[in-house]
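For the record, the sequence lines run as chains A and B. Counting with the working numbering, you get residues 49 to 261 for the letters of the first sequence. Counting with the working numbering, you get residues 77 to 539 for the letters of the second sequence.
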Amino acid sequence: MNAFDTHRGIAVAFLTHNIDTDAIIPSREMKRVSKEGLGEGLFANWRYAAPDDRTPRADFALNQAPTNEASILLSGRNFGCGSSREHAVWALAEFGFRAIIAESFGAIFQKNCIANGILTAEVDTDGIAGLAQWCADDPAQHQLHIDLRARVISGPTGKNVRFNIAESDARKLLSGLDPITETLADVERIDRFEADHLRRSPWVDLSTDDAGT
Amino acid sequence: MASTLFDKLWASHRVTASDDGDDLLYIDRIALHERTGTIALNALAARDLPIRHPQHVFCVMDHIVDTLPGRGDDTQMPGGRDFIVSTRKAARHFGLRTFDVNDPDQGISHLVSAEQGFALPGLTLVCPDSHTCTLGALGTLAFGIGTSQAEHALATSTLRLRKPENLRVRFEGALAPGVFAKDLILKYMAEYGADAARGAAVEYAGSTVAALGIEDRMTLCNLAVEFSAFSATVAPDQTTFDYVHGKPLAPTGAAWETAVAQWRALRSDDDAAFSAEHLIDASRVTPMVTWGISPAQAAPLGGRVPDAQALDTPLGRKALAYMDLKPRQPLAGLPIDAAFIGSCTNARLSDLRVAAQLLKGRKVAPGVAAVCVPGSSRIKREAEVEGLDQVFREAGFAWREAGCSMCFYAGGETFGPGKRVVTSTNRNFEGRQGPGVRSHLASPAVVAASAVRGALTAPTELS
Ligand code: SF4
Chain A
49 MNAFDTHRGI
59 AVAFLTHNID
69 TDAIIPSREM
79 KRVSKEGLGE
89 GLFANWRYAA
99 PDDRTPRADF
109 ALNQAPTNEA
119 SILLSGRNFG
129 CGSSREHAVW
139 ALAEFGFRAI
149 IAESFGAIFQ
159 KNCIANGILT
169 AEVDTDGIAG
179 LAQWCADDPA
189 QHQLHIDLRA
199 RVISGPTGKN
209 VRFNIAESDA
219 RKLLSGLDPI
229 TETLADVERI
239 DRFEADHLRR
249 SPWVDLSTDD
259 AGT
Chain B
77 MASTLFDKLW
87 ASHRVTASDD
97 GDDLLYIDRI
107 ALHERTGTIA
117 LNALAARDLP
127 IRHPQHVFCV
137 MDHIVDTLPG
147 RGDDTQMPGG
157 RDFIVSTRKA
167 ARHFGLRTFD
177 VNDPDQGISH
187 LVSAEQGFAL
197 PGLTLVCPDS
207 HTCTLGALGT
217 LAFGIGTSQA
227 EHALATSTLR
237 LRKPENLRVR
247 FEGALAPGVF
257 AKDLILKYMA
267 EYGADAARGA
277 AVEYAGSTVA
287 ALGIEDRMTL
297 CNLAVEFSAF
307 SATVAPDQTT
317 FDYVHGKPLA
327 PTGAAWETAV
337 AQWRALRSDD
347 DAAFSAEHLI
357 DASRVTPMVT
367 WGISPAQAAP
377 LGGRVPDAQA
387 LDTPLGRKAL
397 AYMDLKPRQP
407 LAGLPIDAAF
417 IGSCTNARLS
427 DLRVAAQLLK
437 GRKVAPGVAA
447 VCVPGSSRIK
457 REAEVEGLDQ
467 VFREAGFAWR
477 EAGCSMCFYA
487 GGETFGPGKR
497 VVTSTNRNFE
507 GRQGPGVRSH
517 LASPAVVAAS
527 AVRGALTAPT
537 ELS
């Protein structure tokens, strides 16, 4: 996965609460058994004229310069709630998003972001409103700068907003290491736990025919 | 120290704790379906990583597979066949048990997990599907994950997770006639909102929950992700043990006795502390229905859409426009175009029985498209033994093969743009059941009564 340390980019704001993963990528856009080719389906219901008509809707921010180049997304409470589809994150990443700043996140979506190297920054209501205001006038000039180590987002006029992220998630983003490789590096501790666990509750083990008896 | 049910489930699966706040949690069971699971399997295969315990994993065709009689690998969803064929291939590569298209035990993954005894009290179970929390009804610590996490769980039998907060939601009192678990949970969300749990693990408790059967508890747990819960569990009790007993993968003989003794300890200690506690007086709940585009936008069926002031938010305005409703509009009597009984929320045998009882000797109103999709092939079979299929058919419902069907739209079957649907499912998001489809979530009883009247109707009105 991509490591994340600092990032500067154009921000786009969708300040509605409870934007769900069906809205981020509608199910019909998940056409293939693949993590790729999903960027085009990002926000498809809002971005295009109709499900069978790819004409861009002029009134949608991702179809307007300069927010069509956005790499930071601002939103309200509970962003990414709903379906667990990681396709939502793959679509955001493919479009070019590197960070989502919101009041709170859907729990599965949040973990999916971290797994794909996308920062999830939690900022309170006033902070979000402030950031949106900075960007609204001139998004290209008023880019945001995010510093993960310092937990700070700075705006065009030198103003700063602090954000929250769990320590473990910050560590994963900064290291960019593959979590499976990391976990398997110390597989003995899993072996030890498992031996105890299966001794205590033998019915957990379905590998032997007599597990149930 | 006193601990909660969730504390106990977590502690018994914690492999190690790390200083950055993540725990390594042992995962006992992994369920996969053709829509999201196959991508995880293919990613592992591409890296040449084995599955640590293939016998603790199963695959099922539920999302993309058609529910029309005589179905095969071809689907109404464009390109759907690929999902089915790839899943079969990946499952064979890893040697996984697969509930294929016409397997007699095929069904929606969460229901298959319960029916097979794959989910048991005290186990951890994950699936790359947000409604995995349904299985908390059995006292299982079950939760939805993303594809990357599924890869990690398959390869290592563990997940790295921060232990969430713990919320108790209590329902107290007896249910009025015509009121079901679906109404309870819609009422809860209407009161506490779509982010009520804020990522916490939920325990449902109280006299109402204790009196519910497992299938109704599954409805409660199913909807937990709609108010942003990490998981939802009900402490296992005699009702649970009776349900689990005799399931194909449940322990038997002496192991059964040991298991039940262990499971009896899975309850919150009297003085255990929760991060928050919410309470609903269940005796005052009446049949509910959603009017908006979030499951929390729900109101009593006898009530109205909220007033203009309450709806003066981006979400409120969006909901009114999408649902084509006006502030203060009465909900009862709102004409519908379609009625759908299906999904992991409310398509179990008890749901079908309730609906059939209301449909017996009655007809679906002219012009209403009515569809019933049993949650699993096993449920379908059992319903047919009781003759419920006949009742549905005679009333004018289509009777389908098991699967997710029109609970969601994948580019295939839908009721059509602008259609107003009363549905026993769990999500009323914009476009969830197809572009422009207006979904009103309700209990199977409300769906059946509304189908008969051709308009939103409480079950008690139908006499
Ligand atoms: S029935 Fe609906 S909610 Fe349940 S698993 Fe299938 S698509 Fe998801």
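Note that the Cβ used here is the ideal one computed from N, Cα and C, for glycine as well.
* beta-carbon residue 184 (chain B) near the ligand SF4 non-hydrogen atom, thresh 6 Å -> yes
* For residue 419 (chain B), which residues of its own chain have a beta-carbon under 6 Å away from its beta-carbon, when the five flanking residues on both sides are left out? -> Excluding positions up to five away in sequence, the list reads 483, 501.
* Going by alpha carbons, who is nearest to residue 476 (chain B) out of B:123, B:147, B:95, B:89? -> B:147
* Length at least 3, wholly inside the region 332-381 of chain B: the beta strand (DSSP E) runs in chain order -> 352-357, 364-366, 374-376
* Asked: Of all the residues that make up the region 368-392 of chain B, which are near chain A by a beta-carbon distance shorter than 7 Å?
  -> Taking 7 Å as the Cβ-Cβ cut-off against chain A, the residues of the region 368-392 of chain B that qualify are 370, 390, 391.
* To do: Say whether chain B places a C-beta atom closer than 7 Å to the C-beta of residue 255 (chain A).
  => Answer yes: the Cβ-Cβ gap between residue 255 (chain A) and chain B drops below 7 Å somewhere.
* **chain B residues whose Cβ lies nearer than 7 Å to that of residue 241 (chain A)** => 91, 102
* To do: Report the three-state DSSP secondary structure of residue 259 (chain B) (helix, strand or coil).
  => Shown here, residue 259 (chain B) sits in a helix according to DSSP, grouped into three states.
* **Outcome for residue 437 (chain B) when other beta-carbon atoms lying within 10 angstroms are tallied against a minimum of 16** => Around the beta carbon of residue 437 (chain B), fewer than 16 other beta carbons lie within 10 angstroms, which makes this residue exposed.
* **Member of B:206, B:159, B:373, B:414 whose CA lies at the smallest distance from the CA of residue 154 (chain A)** => Taking only the C-alpha atoms, the option nearest residue 154 (chain A) is B:206.
* Under 8 Å by Cβ, that's how I've got residue 204 (chain B) and residue 171 (chain B) pegged, so tell me the actual separation to the nearest angstrom. => At roughly 19 Å, the Cβ-Cβ gap does not stay under 8 Å, so residue 204 (chain B) and residue 171 (chain B) are not in contact.
* Assign residue 153 (chain B) to one of two classes, buried (16 or more other C-beta atoms within 10 Å of its C-beta) or exposed (fewer than that). => buried
* So, residue 160 (chain A) versus residue 134 (chain A), is the Cβ gap smaller than 7 Å? -> Yes, these two residues count as a Cβ contact at 7 Å.
* Asked: Which parts of the region 149-211 of chain A are runs of the alpha helix (DSSP H), unbroken and 4 residues or longer, counting only runs that do not cross its ends?
  -> 155-163, 173-185
* Express the C-alpha separation of residue 497 (chain B) and residue 190 (chain B) in angstroms, rounding to a whole number. => 29 Å
* Where residue 188 (chain B) sits in the DSSP three-state scheme -> DSSP places residue 188 (chain B) in helix when its eight states are reduced to three.
* To do: In angstroms with no decimal places, state the Cα-to-Cα distance between residue 245 (chain A) and residue 127 (chain A).
  => 37 Å
* Provide the residue(s) that pair with residue 68 (chain A) in DSSP beta bridges, ordered along the chain. => A:129
* Hey, is residue 140 (chain B)'s beta-carbon within less than 7 Å of any beta-carbon in chain A? -> no
* Among residues of its own chain, excluding the 5 on either side of residue 97 (chain B), which ones have a beta-carbon nearer than 6 Å to its beta-carbon? -> 238
* To do: Would you mind working out which of B:392, B:259, B:431, B:92 sits nearest residue 66 (chain A), comparing C-alpha positions?
  => Distances from the CA of residue 66 (chain A) to each of B:392, B:259, B:431, B:92 were compared; the closest alpha carbon is that of B:392.
* To do: Determine the burial state of residue 211 (chain B): buried for a count of at least 16 other Cβ atoms within 10 Å of its Cβ, exposed for fewer.
  => Residue environment analysis places residue 211 (chain B) among the buried positions, since at least 16 neighbouring C-beta atoms fall within 10 angstroms of its C-beta.
* Asked: Looking at C-beta atoms only, is the number of pairs between the region 52-69 of chain A and the region 184-195 of chain A that lie closer than 8 Å three or more?
  -> yes
* Got a sec? Which residues, its chain only, sit under 6 Å from residue 432 (chain B) by beta carbon, not counting five neighbours each side? -> 464, 467
* On a CA-only basis, which of B:322, B:386, B:511, B:175 is nearest residue 110 (chain B)? Give me that one, please. => Out of B:322, B:386, B:511, B:175, B:175 has the C-alpha closest to the C-alpha of residue 110 (chain B).
* **Anticipated Cβ contact below 8 Å, residue 188 (chain B) with residue 452 (chain B), distance rounded** => Rounded to the nearest angstrom, the Cβ distance from residue 188 (chain B) to residue 452 (chain B) is 6 Å, consistent with a contact under 8 Å.
* For residue 481 (chain B), three-class secondary structure by DSSP -> helix
* To do: Taking the CB atoms as reference points, tell me whether residue 234 (chain B) and residue 162 (chain B) lie closer together than 7 Å.
  => Not in contact: residue 234 (chain B) and residue 162 (chain B) (Cβ atoms no closer than 7 Å).
* Determine the direct distance from the alpha carbon of residue 106 (chain A) to that of residue 309 (chain B), and round the result to whole angstroms. => 46 Å
* To do: Quick one: grab the DSSP three-state call for residue 261 (chain A).
  => With a pLDDT of 39 at residue 261 (chain A), under the threshold of 50, the predicted position of this residue should be treated as unreliable, though the coordinate-derived value follows. Coil at residue 261 (chain A), not helix or strand.
* Does the beta carbon of residue 183 (chain A) fall short of 6 Å from some heavy atom of the ligand SF4? -> no
* Tell me whether residue 203 (chain B) counts as near the ligand SF4, meaning its Cβ is closer than 6 Å to at least one heavy atom of that ligand. => no
* Asked: Rounded to a whole number of angstroms, what is the C-alpha to C-alpha distance between residue 227 (chain B) and residue 119 (chain B)?
  -> 7 Å
* Could you check where the alpha helix (DSSP H) with residue 227 (chain A) kicks off and where it finishes? -> 227-232
* Kindly indicate which three-state DSSP category residue 431 (chain B) falls into: helix, strand or coil? => helix
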